[in-house]
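Position 184, counted from 1, in the sequence shown is what full-length UniProt numbering calls 184; the numbers after and before it change by one each time, with no gaps. Only one structure is covered here, and it is reproduced in the block below.
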Amino acid sequence: MIIFTNTIQPECLLLFPRMPRRILQVQAEEPPSSSVDLNVTPKHHDRALFFFLGVIAVLIILVILVFIFWKRLKCPAKEIENKAVPREYIEPTEVMKMIVSNIQQPGQMEFFSGSLRTISYFDFRTLRRATKNFHPRNFLGSGGFGPVYQGKLADGRLIAVKTLSLDKSQQQGEKEFLAEVRMITSIQHKNLVRLLGCCTDGPQRILVYEYMKNRSLDLIIHGKSDQFLNWRTRFQIILGVARGLQYLHEDSHLRIVHRDIKASNILLDEKFQPRIGDFGLARFFPEDQAYLSTQFAGTLGYTAPEYAIRGELSEKADIYSFGVLVLEIISCRKNTDLTLPSEMQYLPEYAWKLYEKSMLMEIVDPKLREHGIVEKDVMQAFHVALLCLQPHAELRPAMSEIVAMLTFKVEMVSTPMMPAFLDRRRVMDDEHHSWEAISDASTTAVACDSAPT
1 MIIFTNTIQP ECLLLFPRMP RRILQVQAEE PPSSSVDLNV TPKHHDRALF FFLGVIAVLI
61 ILVILVFIFW KRLKCPAKEI ENKAVPREYI EPTEVMKMIV SNIQQPGQME FFSGSLRTIS
121 YFDFRTLRRA TKNFHPRNFL GSGGFGPVYQ GKLADGRLIA VKTLSLDKSQ QQGEKEFLAE
181 VRMITSIQHK NLVRLLGCCT DGPQRILVYE YMKNRSLDLI IHGKSDQFLN WRTRFQIILG
241 VARGLQYLHE DSHLRIVHRD IKASNILLDE KFQPRIGDFG LARFFPEDQA YLSTQFAGTL
301 GYTAPEYAIR GELSEKADIY SFGVLVLEII SCRKNTDLTL PSEMQYLPEY AWKLYEKSML
361 MEIVDPKLRE HGIVEKDVMQ AFHVALLCLQ PHAELRPAMS EIVAMLTFKV EMVSTPMMPA
421 FLDRRRVMDD EHHSWEAISD ASTTAVACDS APT
């Protein structure tokens, strides 16, 4: 018989103190409310977070788009140029292959043999953007090759963009373009303008030169600019041009005749250092020949009579042109001015008359006299100019002698004779140009057909 009892073992007994009813009731109540509602659903919080992140993402995208647009607007030329040519510079032989290929003149690679410097090949779109689509505001002037425009590349460099004139015959234009590229890439001197590159995309024939801040000498000495050149600067220009010609005639590995030395082809940098430009008419000259017989090309008024009349071309033609240029720099007058009295219209003739009367200082630019000059230096330059204008080519000094005379390294021993010149006061009729070659002995009228250019 089993007997159950309600006996509780002592080790299982738990004793709790008797709590007042009031305290137990407080613990059973709901906790006091706080500022954060813990029972609120997270939907509103998530929605605010997503909205905030979305705004940030949109702002980031807008910033990126604005940056890309600004970059494209600021540097389009560079992007196009990099697509066109993966390298900033390419070898001259590759440039020439491009040129000859685009111009479609096979066999012309031999024409470019020689010592060529590295130049750039420019995409036409790059040049169009650099010149703002060849805007008239960027027009610098025109040369024998064609119009010239100022441009600015993506890297900030200023350039002079020389375009082939569209009114030239195709054959003549291509010939001048090839001649200038070949000539200027074969030589390098501080007094010669520097070719940066070229473009032959499609029908385009463009040369890209370094930009000359003070543009051409012609604009200053012929009254098209308010700039004034003191004697020191003018002498610097005369000597710089002389040294550039000395390099072309004597010091280069090639013998070169420029054929178009004149004020508009003398460019001036920011320090008024001169650079000879426009090599479209320049000719390589055989070492074993005294002169070449060729068609006349150049600018009347600067041209030596033996070349204009008989087509006899030599370095002495450049030296004659240099003599005319020196007279223009000193006097600030053009070589021919038909608005003046007849005895003053042709500058070399007038200078000779004043030389005979020992009155050469009267031809000096009045502004130059006002600012002060060294008469000895001016007379030395006058003397050199008259020697360059001698009637016979063999009587004219070489450019190395001219540089030595200008720098007083040698004494002036030669006495100039009456210059030879072409008098344009009595030249024009309706069908022909008639030139008068005036020498120390006599005046001979020579009629010739209009000179080809």
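Glycine residues also receive a C-beta, built at the ideal position from the N, C-alpha and C atoms. Note that this is a predicted model, so its numbers are computed, not measured.
Delimiting residues of the alpha helix (DSSP H) encompassing residue i
i: P274; result: Taken as a continuous stretch (DSSP letters only), P274 belongs to no alpha helix (DSSP H), being part of the beta strand (DSSP E) at P274 to I276.
i: L354; result: L347 to E356
i: V364; result: Looking at the DSSP string, V364 is not in any alpha helix (DSSP H), and its letter there is neither H nor E.
i: I220; result: L217 to I221
i: T163; result: From DSSP, T163 is part of no alpha helix (DSSP H) but of the beta strand (DSSP E) over L158 to T163.
i: Y307; result: P305 to R310
Straight-line Cα distance separating residue j from residue i
i: P348; j: L327; result: 7 Å
i: R259; j: Y209; result: 20 Å
i: S264; j: L219; result: 7 Å
i: L229; j: R182; result: 34 Å
i: D227; j: T233; result: Reading off the sequence, residue 227 comes out as Gln, not Asp. Each residue's Cα considered, the two are about 12 Å apart.
i: G372; j: V378; result: 11 Å
i: Q380; j: M405; result: 8 Å
i: L340; j: K353; result: 15 Å
i: C199; j: D337; result: 39 Å
i: K316; j: I309; result: 15 Å
i: E411; j: V403; result: 12 Å
i: G202; j: I184; result: 22 Å
i: F332; j: L239; result: Residue 332 is actually Cys in this sequence, not Phe. Cα-Cα distance, rounded: 17 Å.
i: S115; j: L62; result: Confidence is the limiting factor: at S115 the pLDDT is only 47, short of 50, which leaves the residue's position unreliable, though a coordinate-based value still follows. Their Cα atoms are separated by approximately 53 Å.
i: R125; j: S252; result: 35 Å
i: R194; j: E270; result: 15 Å
i: S439; j: F322; result: Because S439 sits at a pLDDT of 40, beneath the cut-off of 50, its placement in the model cannot be relied upon, and the following sentence gives the value as read from the coordinates. Their backbone Cα atoms lie some 18 Å apart in a straight line.
i: G156; j: F52; result: 42 Å
i: E306; j: F408; result: 30 Å
Cβ of residue i within 8 Å of any chain B Cβ
i: E356; result: Absence of chain B from the displayed structure is noted, only one protein chain being present.
Short Cβ contact (8 Å threshold) for residue i with residue j
i: S314; j: V257; result: yes
i: I363; j: Y350; result: yes
i: G146; j: T131; result: no
i: G280; j: Q295; result: no
i: P397; j: A420; result: no
i: Y121; j: N138; result: no
i: I221; j: L196; result: no
i: M361; j: E375; result: yes
i: L268; j: N214; result: yes
i: E250; j: S414; result: no
i: W231; j: L65; result: no
i: E174; j: L207; result: no
Cutoff 8 Å; reference residue i; Cβ partners in own chain excluding five residues on either side
i: Y355; result: F382, L386 and P416
i: V36; result: Since pLDDT at V36 reaches only 47, below the 50 mark, its modelled position is unreliable, and no value is offered.
i: N335; result: G301, Y302, V324, L327, E328, Y346, L347 and P348
i: I266; result: S216, L217, D218, I237, V241, P274, R275, I276, G277 and L325
Range covered by the beta strand (DSSP E) that runs through residue i
i: Y320; result: No beta strand (DSSP E) holds Y320; the alpha helix (DSSP H) holding it covers E315 to S331.
i: F139; result: F139 to S142
i: P147; result: P147 to K152
i: E401; result: Counting along the chain, E401 falls outside any beta strand (DSSP E), though it belongs to the alpha helix (DSSP H) covering M399 to L406.
Own chain partners of residue i with C-beta closer than 6 Å, once the 5 adjacent residues on each side are dropped
i: I319; result: C388 and R396
i: K152; result: A130 and L158
i: residue 454; result: What is shown of the chain runs 1 to 453, which leaves residue 454 out entirely.
i: R425; result: Note that R425 scores a pLDDT of 44, beneath 50, so its modelled location is shaky; the value from the coordinates is reported in the next line. Excluding sequence neighbours, R425 sits near Q345.
i: F285; result: R255 and V257
Own chain, CB closer than 7 Å to residue i, minus 5 neighbours either side, in chain order
i: I23; result: A caution first: I23 carries a pLDDT of 44, below 50, which makes its placement in the model too unreliable to give a value.
i: L49; result: none
Is there contact here, the stretch 266-277 with the stretch 300-313, by at least three beta-carbon pairs under 8 Å? no
Any contact between the stretch 243-255 and the stretch 176-194? By contact I mean 3 or more CB pairs, one from each, below 8 Å. yes
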